[in-house]
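S.K.:
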Amino acid sequence: MGSTVFARREYEVPATDAVAEDAALTDIVAELARTTPEFVAFQIPTSNGWTDVTAARFAAEVRAVSKGLIASGVRAGDRVALMSATRYEWTLLDYAIWTAGACTVAIYDSSATDQARWILEDSSATLLLVENVRHLAAVDSIVTPDLRETLRIDAGAVNTLVERGKAVADSVIEQRRAEVRATSAATLIYTSGTTGRPKGVVLTHANLLSEAGSGRRAMAHLFGAGRRTLMFLPLAHVFARAIAVTALEGRVTVAHTSDWSNLPEQFATYKPSFILAVPRVFEKVYNGARQKAHDGGKGRIFDLAADTAIAWSEASQADGPGLGLRLRHALFDRLVYSKLRAALGGEMVGAVSGGGPLGARLGHFFRGVGLPIYEGYGLTETSAAITLNTATDMRVGTVGKPIDGHGARIAEDGELLLRGPVVFGGYWQNETATAESFDDGWFRTGDLGAIDDDGYVSITGRKKEIIVTAAGKNVSPAVLEDSLRAHALIGQCMVIGDGRPFIGVLITLDREALPGWAQRHGLDSATPIEEFASHPELIAEIDAAVAETNGKVSKAEAIKKIRILTSDWTQETGELTPKMSLKRTVVQEKYAADIAAVYA
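Just so we're aligned: 1558 in my numbering is position 252 of the sequence shown, and the numbers increase by one with no gaps anywhere.
In structure tokens:
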């Protein structure tokens, strides 16, 4: 079996601030209501546009709902579960739960009954808030010793709680808030369960306040008064949750949507200052713009502009672009880049990417067109980002340097270890898993990484996902998969080959890209997916993408055979987690026959 020797390396950044022992996440609600009551903290979508929610209104609603929670029997330290898509009420209820001295248990709105049952049982949640009838149906059969009641958001849950709480005195709320310490549990977020049963990550008020403080200092040009963002990632995920807290602390106006079907159009309408997204969203924006250009007969211009943007960004990261490149970049800025920025609202100054690797090519492209994507790295256990690229310290292709007060270390086997105030203290009621996750005070991420001389961290793979071929070659699938997914025709893919004679890959087609491809090749857009998957020209394009990807790895790591599937991989069908990560075990089981066919 092949092995790799890693140089041990460590990089730590001194702390510039600390969270007070009596600090709580709800402090900002009271502060904003007192100092800037007219600040528009949120905007709620309506049929006629947007309704403003000022800091004063938000504080009043948080207080009223928290009283209702107390009247409903929620005690200090209780767990209150929340199962909903991204919407204003998610954040309102989150802060109300904290104000009542309780802990929010996040449940993905896509969770199946068995997943929700485990979370409710394991957390001993006493109250459950769901968004709609679909969620209610998913949890209706769940009975646990502690769960007393389930309320539905779209059936008036907020109003119900407000009515219940009218008799609760203000002094009760103040007493509850005073009992909360920085070390108090703020939320339980369960790991996505790509392998094994989900574990409850306990994040404290101090964890999330440290994340928000470091994030604001590192990204001051994004998180400042007057900025606005459109929140669409699931708030049950730590990435969106951390941004939500950081946005309120930074006086950023937040609007919510759970509709991913037309995000570029929503950006154009809402005109956000910045967005946070997973890499797949940026891939879709790039592929959509490229497809539109090709469909309109301007494909060659777009491709030249894309190459120029990437070259300009790469040169900017080195010795700087030369005169010829600067002139080409200026030309394409007028012809292409400015139009792309305008199509996304015209006011976006950058974006934050997390939840998976972005890929250097995509990072250089967006930086080159004037929309820098600040990629970071983090896990639920690190309260979201613990390393981050910033406007002043940016190296595309890495996940940036540790945020202030935090450190990164590479273990002898190449595993990335982390420590600092955003790192959690342990898993809920699981001392064994907690002990296994730490090495002399450093959190073991399970990811393989590297740290360069300047402190920039790169993720090179995941320990548990390393493929070992029959010849003993270690292969990290992430490098291959990230490259392939950048192609417009490829929806999802999974590299295979563990214990096999060579590396292969399963590929699904991007359903949104197929109509444009069909038009360009004289086919009916209603052509069955089976005909697309077997079309010689489409296969040739996929083969070309594979060949380009193979150029980035050694011959032993190269993909030798592909299999294009006619099905799609989604959260609903079980192959993807809510943050769009692959559930490899599920894919291996469901597509065992396809995998066998690759090696037949």
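Every residue, glycine too, gets a C-beta built ideally from N, C-alpha and C.
Which residue or residues does DSSP assign as beta-bridge partners of Asp1745?
M.R.: Trp1748
S.K.: By how many angstroms is the C-alpha of Arg1647 removed from the C-alpha of Glu1653?
M.R.: 8 Å
S.K.: Using 8 Å as the threshold, is the region 1542 to 1556 in touch with the region 1698 to 1708, meaning 3 or more CB pairs across them?
M.R.: no
S.K.: Have a look at Glu1318 and Glu1837 and give me their C-alpha separation to the nearest angstrom.
M.R.: 54 Å
S.K.: Exposed or buried, which one is His1827 when buried takes at least 16 other CB atoms within 10 Å?
M.R.: By the beta-carbon neighbour count (other beta carbons within 10 angstroms, threshold 16), His1827 is exposed.
S.K.: What is the rounded straight-line gap between the Cα of Lys1867 and the Cα of Gln1894?
M.R.: 17 Å
S.K.: Can Thr1740 and Gly1747 be called in contact, C-beta distance under 8 Å?
M.R.: No. Outside cutoff.
S.K.: Give a yes or no on whether the C-beta atoms belonging to Arg1673 and Ser1619 are separated by under 8 Å.
M.R.: Contact annotation: Arg1673 and Ser1619 have beta-carbon atoms nearer than 8 Å.
S.K.: Does Gly1308 come out as helix, strand or coil in the three-state DSSP assignment?
M.R.: Unreliable positioning characterises Gly1308 in this predicted model, as indicated by a pLDDT of 39, which lies under 50. The coordinate reading is nonetheless provided below. In this structure, Gly1308 counts as coil in the three-state DSSP scheme.
S.K.: Among the residues of its own chain, which have a CB less than 7 Å from the CB of Ala1649, if the five just before and after it don't count?
M.R.: Pro1570 and Ala1574
S.K.: Assign Arg1640 to buried or exposed, taking buried as 16 or more other Cβ atoms, counted over all protein chains shown, within 10 Å of its Cβ.
M.R.: Exposed, since its Cβ has fewer than 16 Cβ neighbours within 10 Å.
S.K.: Which first and last residues belong to the alpha helix (DSSP H) in which Ser1789 is found?
M.R.: Pro1783 to Arg1791
S.K.: What does the Cβ neighbour count give for Tyr1905, buried or exposed, with the cut at 16 atoms within 10 Å?
M.R.: So Tyr1905 ends up on the exposed side.
S.K.: Taking C-beta to C-beta, are Leu1815 and Ile1835 nearer than 8 Å?
M.R.: yes
S.K.: Hey, could you find the ends of the beta strand (DSSP E) Val1560 is sitting in?
M.R.: Thr1559 to His1562
S.K.: Are the region 1854 to 1862 and the region 1778 to 1795 touching, with three or more C-beta to C-beta distances below 8 Å?
M.R.: yes
S.K.: Among residues of its own chain, excluding the 5 on either side of Ala1717, which ones have a beta-carbon nearer than 6 Å to its beta-carbon?
M.R.: Leu1723
S.K.: How is Asp1900 classed by DSSP in three states: helix, strand or coil?
M.R.: helix
S.K.: At what residues does the beta strand (DSSP E) containing Leu1805 begin and finish?
M.R.: Residue identity differs from the one stated: residue 1805 is Gly in this sequence, not Leu. Gly1805 -> no beta strand (DSSP E), and no H or E assigned at all.
S.K.: Between the region 1413 to 1427 and the region 1528 to 1535, can you find at least three pairs of beta-carbon atoms closer than 8 Å?
M.R.: no
S.K.: Applying the 10 Å Cβ sphere with the 16-neighbour rule, what's the burial state of Lys1379?
M.R.: Strictly speaking, residue 1379 in this sequence is Gly, with Lys absent from that position. Its Cβ having fewer than 16 others within 10 Å, Gly1379 is exposed.
S.K.: Find out if the Cβ-Cβ distance for the pair Leu1442, Arg1458 is shorter than 8 Å.
M.R.: yes
S.K.: Tell me which residue opens and which closes the alpha helix (DSSP H) that Leu1631 is part of.
M.R.: Counting along the chain, the alpha helix (DSSP H) containing Leu1631 begins and ends at Leu1629 to Phe1638.
S.K.: Hey, which unbroken runs of the alpha helix (DSSP H) at 4 residues or more fall wholly within the region 1641 to 1713?
M.R.: 1644 to 1649 and 1666 to 1674
S.K.: When the Cα of Asp1428 is compared with those of Gly1374, Thr1450 and Arg1363, which residue comes out closest?
M.R.: Thr1450
S.K.: Quick one: what does DSSP say Asp1428 is sitting in, helix, strand or coil?
M.R.: helix
S.K.: Would you call Lys1577 buried or exposed, if buried means 16 or more other Cβ atoms sit within 10 Å of its Cβ?
M.R.: exposed
S.K.: Exposed or buried, what is Thr1751 when buried is set at 16 or more other beta-carbons lying within 10 Å of its beta-carbon?
M.R.: buried
S.K.: When you compare the region 1407 to 1414 with the region 1387 to 1394, are there three or more beta-carbon pairs, one atom per stretch, that lie closer than 8 Å?
M.R.: Yes, the region 1407 to 1414 touches the region 1387 to 1394.
S.K.: Using alpha carbons as the reference points, say which of Ala1792, Tyr1762, Leu1515 and Asp1415 lies closest to Gly1726.
M.R.: Ranking Ala1792, Tyr1762, Leu1515 and Asp1415 by Cα distance to Gly1726 puts Leu1515 first.
S.K.: For the putative contact between Gly1528 and Val1702, defined by C-beta atoms under 8 Å, what is the C-beta separation to the nearest angstrom?
M.R.: Note that residue 1528 corresponds to Leu in the displayed sequence, not to Gly. That pair is no contact at about 17 Å.
S.K.: Taking C-alpha atoms, which residue in Glu1878, Phe1348, Thr1876 and Leu1871 lies nearest to Ala1899?
M.R.: When only C-alpha atoms are compared, the closest one is Leu1871.
S.K.: Indicate the three-state DSSP secondary structure (helix, strand or coil) for Asn1780 in the structure shown.
M.R.: strand
S.K.: For the beta strand (DSSP E) holding Pro1570, just list the boundary residues, first then last.
M.R.: That residue, Pro1570, is in no beta strand (DSSP E); its alpha helix (DSSP H) goes Leu1569 to Tyr1576.
S.K.: Count the other CB atoms, across all protein chains shown, that sit within 10 Å of the CB of Arg1890; report buried if there are 16 or more and exposed otherwise.
M.R.: buried
S.K.: Who are Asp1753's beta bridge partners in DSSP?
M.R.: Arg1768
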